[in-house]
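**Student:** In the working numbering, the protein residues as written are 5 to 60. Glycine included, each C-beta is placed from N, C-alpha and C at the ideal position.
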Amino acid sequence: MLSQEKIERINYLAKKAKIEELSEEEKQEQKQLRESYLKNLRSSLRNQLDNIEIVD
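Set out below in structure tokens:
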């Protein structure tokens, strides 16, 4: 699970990007945080799907 601070940082950078252009450092950080978030999301989804049991 991604920490609350990282999620808040992702949201902050997204809001800031809508208002003004991000610096190169911020763009790199945003890219890294998004990749980490997506990796975590995919892993969680895969785990849930692997644990589904179909009952007839």
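Starting from K23, trace the alpha helix (DSSP H) both ways and give me its first and last residue.
**Tutor:** In the sequence under discussion, the amino acid at residue 23 is Ile, which differs from the Lys named in the question. Q8 to I23 is the span of the alpha helix (DSSP H), which, as asked, contains I23.
**Student:** Quick one: residues in its chain with C-beta nearer than 8 Å to the C-beta of Y41, no 5 flanking neighbours on either side, listed in chain order?
**Tutor:** L6, K10, I11 and I14, listed in sequence order.
**Student:** Tell me, to the nearest whole angstrom, how far the beta carbon of L17 is from that of E33; I am working on the premise that it is less than 8 Å.
**Tutor:** Yes, L17 and E33 are in contact; Cβ-Cβ is about 7 Å, under 8 Å.
**Student:** May I ask you to report which of helix, strand or coil DSSP gives E39?
**Tutor:** Reduced to three states, the DSSP call for E39 is helix.
**Student:** Just to check my reading of the structure: K35 and L26 have Cβ atoms closer than 8 Å, yes? What is that Cβ distance to the nearest angstrom?
**Tutor:** Contact doesn't hold; Cβ gap of about 10 Å is too wide.
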